[in-house]
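Written out below as structure tokens is the structure these notes cover.
There are 2 protein chains.
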Amino acid sequence: MGKQVTEMLKGTLEGIVLAILAGRPAYGYEITSWLRDKGFTEIAEGTIYALLIRIEQRGYVDVEKVPSEKGPPRKVYTLNADGQAYLDEFWTTWSFLSERLEQLRKGDS
Amino acid sequence: MGKQVTEMLKGTLEGIVLAILAGRPAYGYEITSWLRDKGFTEIAEGTIYALLIRIEQRGYVDVEKVPSEKGPPRKVYTLNADGQAYLDEFWTTWSFLSERLEQLRKGDS
DNA sequence: ACCGGTAGATAGTGACACTGAATAGCGGCG
DNA sequence: CGCCGCTATTCAGTGTCACTATCTACCGGT
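So the protein lines, in turn, are chains A and F.
Heads up: the first sequence begins at 3 in my numbering, then just goes up one per residue.
Heads up: the second sequence begins at 3 in my numbering, then just goes up one per residue.
Set out below in structure tokens:
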């Protein structure tokens, strides 16, 4: 893989993180580990933190500082109503794109 | 839709165009019209031409100038071996991403 | 005292799609 | 004839997003 994934993630990584947060609240480091587990081995730590700050500024998540037993305090992110709405929109957009791509792959051109 | 699609297209639009060219040779204006037909109404003309120049410079396509009955000569693009290899890679990357996304949507988190 | 693991922040870079406008050839209509 | 509309391509400037690389900071164990 490599650069191709990087470009394809633009616009989708945000949705991926919001989808994770829809399942349960989480903090940055946790999300990064989870992504690595799921095969996204190439996603840099810094990328996730930058993304989290972005969605926080847009008001898609609520933030709470929670002291950690190990290391500095965690910033725990929780999806709010605006974030859920944006996530719904994301899935609609994804479905649209996904369907066209599958048609194309089948040679329906 | 709107901006969300735009960001999601990064990295995939290139694959879409190559997939079209895998079916048959085509020129820019034709590809744009085809995309609009298929629901990609928001893709700007300029975007496609810029993309075509890019994939030409990378050597994924062969180019032939064909005089047109109407308007200036067409630049007809044909997918070559390198392009086909890149397209195969694209589908692999797409499958990877697509599978994780579907898992996420099903709440497999 | 140091190191490894946990946790987060940030400045600079590159790639890609969009906007908006310009150029150019051709046919038809008044 | 002159202008409009359709076909067809090009290009300069913009914004967004993920990456790289680096830095700060807290903790436990050796």
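Ideal Cβ placement from N, Cα and C applies to all residues, glycine included.
- As a beta-bridge residue in DSSP terms, A/E66 pairs with A/V78.
- Within the region 13-31 of chain F, the residues whose Cβ lies closer than 9 Å to any Cβ of chain A are, in chain order, G13, T14, E16, G17, I18, A21, I22, A24, G25, R26.
- At a beta-carbon threshold of 8 Å, the residues of chain A lying near F/L99 are V7, M10, L11, T14, ordered along the chain.
- The beta-bridge partner set that DSSP reports for A/A28 consists of A/Y79.
- Of F/T95, F/A21, F/G109, the smallest CA-CA separation from F/Q86 is found for F/A21.
- With respect to chain A, the C-beta atom of F/R102 has a partner C-beta closer than 8 Å.
- Residue-level contact by beta carbon fails for A/K77 and chain F, as no gap is shorter than 8 Å.
- With respect to F/I18, A/L106 sits close: the two C-beta atoms are nearer than 8 Å.
- Separation of A/G25 and F/V63 (C-alpha to C-alpha, rounded to the nearest whole angstrom) is 44 Å.
- In the DSSP assignment, F/I55 falls within the alpha helix (DSSP H) that extends over 47-59.
- Not flagged as an interface residue toward chain F: A/L89, since no C-beta distance is shorter than 8 Å.
- Inclusion of A/T95 and F/M10 in the CB contact set at 8 Å is warranted, their separation being smaller than that value.
- Taken atom to atom, the span from the alpha-carbon of F/L99 to that of F/E16 is near 16 Å.
- Under the 8 Å criterion on CB atoms, A/T34 is classed as non-interfacial with respect to chain F.
- A/E66 and A/V78 do touch by the CB rule: their CB atoms are close to 5 Å apart, below 8 Å.
- Not a single CB atom of chain A sits nearer than 8 Å to the CB of F/G73.
- Take the alpha-carbon of F/I50 and the one of F/A83: they are about 21 Å apart.
- Its chain contains V63 as the residues whose beta carbon lies nearer than 6 Å to that of F/I57, once the 5 sequence neighbours on both sides are disregarded; these appear in chain order.
- Taking 8 Å as the cut-off, the Cβ atoms of A/L54 and A/I45 do not count as close.
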